[in-house]
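In what follows, a single structure is set out as structure tokens and then discussed.
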Amino acid sequence: MLIRSISRTKSPILHRLLKTLTLTAPIPATTQRRQYHDGRPRGPLWRGKKLIGKEALFAISGLKRFKEDDEKAELFVRSHVLRLLKMDLIAVLTELERQEEVELALKVFKVIQKQDWYKPDPYLYKDLIIALSRCKKMEEVAKMWEDMKKEELFPDSQTYTEVIRGYLKYDSPSDAMNIYEDMLKSPDPPDELPFKVLLRGLLPHPLLRNKVKKDYEEIFPESRVYDPPSEIFSFAESNA
37 MLIRSISRTK
47 SPILHRLLKT
57 LTLTAPIPAT
67 TQRRQYHDGR
77 PRGPLWRGKK
87 LIGKEALFAI
97 SGLKRFKEDD
107 EKAELFVRSH
117 VLRLLKMDLI
127 AVLTELERQE
137 EVELALKVFK
147 VIQKQDWYKP
157 DPYLYKDLII
167 ALSRCKKMEE
177 VAKMWEDMKK
187 EELFPDSQTY
197 TEVIRGYLKY
207 DSPSDAMNIY
217 EDMLKSPDPP
227 DELPFKVLLR
237 GLLPHPLLRN
247 KVKKDYEEIF
257 PESRVYDPPS
267 EIFSFAESNA
């Protein structure tokens, strides 16, 4: 109010005083913040809204709503999911995997495979296989694994590790060893982590463990394998 009153006066002295105050006055903090903040929310919320559009969000909610009714779910897939664009379909698949809605993710993956733009991609397989493994859907993992081999795709180390871990938790060391043999045939050199998971998980199966240990020491000669005392093997065998 004081500045407004001074500006209305005709006194040259007061006008010079007003000019000096205007030039030297500090910029309010709120004005400074406006220079850097454009009003959009920060962090995962904004990224999520950008990645998942309204059509994709509607498809996710509809699939979850009708997942107990196969007939309605199939109708919803035909009427809404099949209409989605490429990036929306992939966003739906990724979000369903994140929410561990793996059966719905399988449906969407099959829709993606039927699209004209689809090309075999190991990373599409990877995320779904890992999600299935973590949910202990190992029968579906086996089917996906065979499909991936038919398309001549090779998983990465993380995929091998999660599937091996899944089979060991599923109490199926023979299937874990089959994945291990596939890993050794891969054109990419293996990492240490799948070996470590196997060496730990095969304690109740010393013959299989010794084979993995031998391969590990040949591939990673500078690494050492910790062998627990023999009584631990005996205890593991008695409880297997």
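Counting with my numbering, you get residues 37 to 276 for the letters of the sequence shown.
Beta carbons: idealized from backbone N, C-alpha and C, even for Gly.
Bear in mind that the values here come from a model prediction, so they are computed numbers and not experimental data.
Measuring only the C-alpha atoms, how far is residue i from residue j?
i	j	result
Val-199	Lys-100	26 Å
Lys-103	Lys-162	23 Å
Gln-194	Leu-120	30 Å
Pro-223	Asp-192	10 Å
Val-117	Pro-209	38 Å
Gln-300	Ala-141	Residue 300 is absent from the model: the chain starts at 37 and stops at 276.
Glu-258	Pro-240	26 Å
Ser-205	Arg-236	Here residue 205 turns out to be Lys, not Ser, going by the sequence shown. So the two alpha carbons sit approximately 12 Å from each other.
Pro-242	Glu-253	16 Å
Asp-105	Leu-111	10 Å
Met-219	Lys-122	31 Å
Pro-226	Ser-115	44 Å
Asp-263	Arg-170	28 Å
Lys-232	Arg-201	10 Å
Pro-230	Val-147	32 Å
Leu-238	Lys-249	10 Å
Ala-109	Lys-172	24 Å
Ile-126	Asp-251	38 Å
Asp-152	Glu-91	20 Å
Ile-215	Ala-178	10 Å
Asp-207	Tyr-154	35 Å
Gln-71	Glu-182	Residue placement at Gln-71 is flagged as unreliable, the pLDDT there being 38, under the threshold of 50; a coordinate-derived value is accordingly withheld.
Going by beta-carbon coordinates alone, are residue i and residue j separated by less than 8 Å?
i	j	result
Leu-132	Val-144	yes
Ile-165	Met-180	yes
Leu-168	Glu-176	yes
Glu-228	Phe-256	yes
Met-184	Tyr-203	no
My understanding is that residue i touches residue j, with C-beta atoms under 8 Å, so please give their C-beta distance in whole angstroms.
i	j	result
Val-128	Ala-95	5 Å
Asp-124	Gly-89	6 Å
Pro-156	Glu-107	Incorrect: roughly 31 Å between the Cβ atoms, too far for contact.
On a Cα-Cα basis, can you pick out the residue from the options that is closest to residue i?
i	options	result
Arg-245	Val-117, Val-261, Ile-255, Pro-257	Val-261
Leu-234	Leu-93, Asp-211, Tyr-154	Asp-211
Lys-221	Tyr-196, Tyr-203, Lys-232	Tyr-196
Met-213	Lys-247, Glu-254, Glu-187, Pro-225	Lys-247
Gln-135	Pro-230, Asp-263, Leu-93	Leu-93
Tyr-159	Trp-153, Thr-130, Lys-249, Lys-250	Thr-130
Please give the ranges of any alpha helix (DSSP H) in the region 88 to 123, keeping only runs that are unbroken, at least 4 residues long and fully inside the region.
Runs of the alpha helix (DSSP H) spanning 4 or more residues and lying entirely within the region 88 to 123 occur at 90 to 101, 106 to 115, in chain order.
Identify every run of the alpha helix (DSSP H) within the region 158 to 212, keeping only runs that are complete inside it and at least 4 residues long; order them along the chain.
Counting only runs of 4 or more, we get 158 to 170, 174 to 186, 193 to 205.
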